[in-house]
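Undergrad: Structure incoming, see below.
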Amino acid sequence: MSWGIEGLYGQPHLHFAAVDSTNEVAKRLLMRAPEGPGATVTADYQWAGRGRGSRRWHSARGMGLWLSCSFLLGGCHPGHLALVAGAAVAECLRRRGVPAAVKWPNDVLVNGKKLAGVLGEVIRPGGKQWVVLGIGVNLNQVRDDFPAELWGRATSLKMETGRWWDPHQLAGQLLRHLEQWLLRARREPGEALRWWKGLCPWWGQTIRAHTPLGALTGRAVDVDAEGRLVVDTGSGMVALSSGEVSIGYPCDEVGDWR
Ligand code: BTN
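Put into structure tokens, the structure is as follows:
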């Protein structure tokens, strides 16, 4: 089935009623055709939607935009991928009057609540570096559609704007923003990072970061050329390459925004 939209860079767009995960479908398609051209995959429902760090991503039928695209890494820094995708989502929504902001590394927030997330994976079928970039945007949920542990932390465009959002329309618009951001990240990576920083309103604020090496508290001061978050801990600067960040610590100590 097709939504009548063009995939990323004019690649085929495949829409499914139900899949395990659009990232997994995009990967299986690549394994079958490692020479490309890659594909954009969307679904009404994911029964095994994946978030970062092996968490589940709630992907109820018709409630959101569940989208994955595959493309060759092609000179883009792998550490910039999730940032660029989050920025494309935030910019696309801002153009539609939604005050979206990015939160390192891969979240899009509206009024302090998580609206969208990005799951980027690099795989090597046929010896080439392919990216599978999955984007989940909560569109039409109301509070009770989320599990209780996410109440107050997750939001949808309907909850923020009071109206229904069309996944087809948003997918088409988002893909065009993503193309522009990926081009920028390849040609002018420093500029892309500066733009990303401009979409993040939390510079200088105290954050709590949960990393594979433990937790730390400090002030978020920058992202470096590798896309790492630079945190001033008071006793030195630390550059984080992965982890979960909560803002406003100690008032709001939440280790996981999902
Ligand atoms: C996160 O914030 O933890 C990342 C969430 C990514 C969710 C999207 S929905 C489309 C694609 N398919 C998946 O299984 N996950 C991503």
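Residues in the sequence shown are numbered consecutively from 446, following the numbering used here.
Glycine included, C-beta positions come from ideal geometry on N, C-alpha and C.
Since the structure is predicted, the reported quantities are computational estimates derived from the model, not experimental observations.
#1: Since T600 is in the alpha helix (DSSP H), which residue starts that stretch and which ends it?
#2: Determine contact between the segment 512 to 523 and the segment 534 to 553, defined as no fewer than three beta-carbon pairs at a distance below 8 angstroms.
#3: Using the DSSP secondary-structure output, state which residues sit across from M682 in a beta bridge.
#4: Once you ignore the five residues that flank W566 on each side, which residues in its own chain have a CB closer than 6 angstroms to its CB?
#5: Using 8 angstroms as the threshold, is the C-beta distance between R629 and Q650 below it?
#6: Which residues in the same chain as A616 place their Cβ atom closer than 7 angstroms to its Cβ, once the five residues preceding and following it in sequence are excluded?
#7: May I have the straight-line CA-CA distance separating H622 from L538, to the nearest angstrom?
#8: So, helix, strand or coil for A616, using DSSP?
#9: Measuring alpha carbon to alpha carbon, tell me which residue in R497, A532, A493, E594 is nearest A637.
#10: Kindly indicate the opening and closing residues of the alpha helix (DSSP H) around R639.
#11: Just to confirm the assignment: which complete alpha helix (DSSP H) runs, minimum length 4, are found wholly within the segment 518 to 592?
#12: Return the bridge partner residues of V690 from the DSSP annotation.
#13: What residues are listed by DSSP as bridge partners for T487?
#14: Looking at C-alpha atoms only, which residue of G483, A463, A462 is the closest neighbour of A394?
#15: I'd like the list of long-range same chain contacts for V699, defined as Cβ closer than 6 angstroms, with 5 residues on each side in sequence excluded.
#16: Is DSSP giving A630 helix, strand or coil here?
#17: Out of D611, N468, S687, D667, state which residue places its alpha-carbon closest to the alpha-carbon of L564.
#18: On the DSSP letters alone, give me the boundaries of the beta strand (DSSP E) that A471 sits inside.
#19: Please list the terminal residues of the continuous beta strand (DSSP E) segment that includes R608.
#20: Should D552 be listed as close to the ligand BTN, given that the test is whether its C-beta is under 7 angstroms from any heavy atom?
#21: Using DSSP with H/G/I as helix, E/B as strand and the rest coil, what is G663?
#22: Between which residues of its own chain and R569 is the CB-CB distance below 8 angstroms, once the five residues before and five after are set aside?
#23: How many Å lie between W609 and W647 at the Cα?
#24: For my contact list, H503 and P592 are in at a C-beta cut-off of 8 angstroms; report their separation, rounded to the angstrom.
#25: Leaving out the 5 sequence neighbours to the left and right, which residues in its chain are closer than 8 angstroms to G464 when beta-carbon positions are compared?
#26: Consider the C-beta atom of L512 and the heavy atoms of the ligand BTN; say whether any pair is separated by less than 7 angstroms.
TA: This is what the structure gives:
#1: Segment: none, T600 is in no alpha helix (DSSP H) and carries neither H nor E.
#2: no
#3: D677
#4: The amino acid at residue 566 is misidentified as Trp; the sequence shows Glu. Excluding residues within five positions, the ones whose Cβ falls inside 6 angstroms are V577.
#5: no
#6: W448, I450, T487, L510, L512
#7: 10 angstroms
#8: helix
#9: A532
#10: 634 to 643
#11: 526 to 539
#12: A654
#13: H460, L512
#14: Only positions 446 to 703 of the chain appear in the structure, and residue 394 is not among them; the question remains open.
#15: Bear in mind that a pLDDT of 33 at V699, under 50, signals an unreliable position, so the number given afterwards is only what the model happens to contain. Result list for V699: S691, in chain order.
#16: helix
#17: N468
#18: Where A471 is concerned, there is no enclosing beta strand (DSSP E), although the alpha helix (DSSP H) it sits in stretches over 467 to 477.
#19: Neither: R608 is in no beta strand (DSSP E) and is coded neither H nor E.
#20: yes
#21: strand
#22: Same-chain partners within the cutoff: W575.
#23: 29 angstroms
#24: With 8 angstroms as the limit, H503 and P592 qualify as a contact, their Cβ atoms being about 7 angstroms apart.
#25: The displayed chain sequence assigns Val, not Gly, to residue 464. Around V464: V470, V486, A488, Y490, Q491, W492.
#26: A distance criterion of 7 angstroms places the beta-carbon of L512 in contact range of the ligand BTN, judged by its closest non-hydrogen atom.
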